[in-house]
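S.K.:
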Amino acid sequence: MAQVSMSDLRNHMGDVLSRVQQGESLIVTSKGKPVAQLTPLPRATRTEDVIAEFKNLPSMSYEALRCDLDAIINPDLFDVERLWHHVARTRPDVEYQEELSAWDSEDFDQQDDK
Numbered sequence: 002m003a004q005v006s007m008s009d010l011r012n013h014m015g016d017v018l019s020r021v022q023q024g025e026s027l028i029v030t031s032k033g034k035p036v037a038q039l040t041p042l043p044r045a046t047r048t049e050d051v052i053a054e055f056k057n058l059p060s061m062s063y064e065a066l067r068c069d070l071d072a073i074i075n076p077d078l079f080d081v082e083r084l085w086h087h088v089a090r091t092r093p094d095v096e097y098q099e100e101l102s103a104w105d106s107e108d109f110d111q112q113d114d115k
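The sequence shown begins at 2 in my numbering and counts up one residue at a time.
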């Protein structure tokens, strides 16, 4: 880690802080001995940045996801079909419209009552 003396810090505070803002950590020394460490603060994550990152993710195959879930979920724990139906209903881009049409909404509501 780079070092900066107290006198350099005092005389060149702007330059030193610019280095820290760019992500560099520095050790402050007094008479050659380390006395402090300057490190950048964590960046605040903006909502727009998070959304932009999600837009760059590869597209997801819901069919592959369902196969993966079916392979790992123990059907004895809960009704996998009801879970998938709920996921598919909440995601209009799911390509299982033929499966969804087989589920009558009244049947689903009646299953919820059980």
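Every residue, glycine too, gets a C-beta built ideally from N, C-alpha and C.
Run through the region 11-55 for me and flag every whole alpha helix (DSSP H) of 4 or more residues, listed as ranges in chain order.
M.R.: Qualifying alpha helix (DSSP H) stretches, in chain order: 14-22.
S.K.: Would residue 27 be called buried (16 or more neighbouring beta carbons within 10 Å of its own) or exposed?
M.R.: It counts as buried.
S.K.: Mind checking who residue 6 pairs with in its DSSP beta bridge?
M.R.: Partner(s): 30.
S.K.: For residue 89, does the count of other Cβ atoms within 10 angstroms reach 16, so buried, or fall short, so exposed?
M.R.: Answer is buried; the Cβ neighbour count reaches 16.
S.K.: Between residue 9 and the rest of its own chain, which residues show a CB-CB distance below 8 Å, the 5 nearest in sequence each way excluded?
M.R.: Closer than 8 Å at the Cβ level, and outside the excluded window around residue 9, lie 17.
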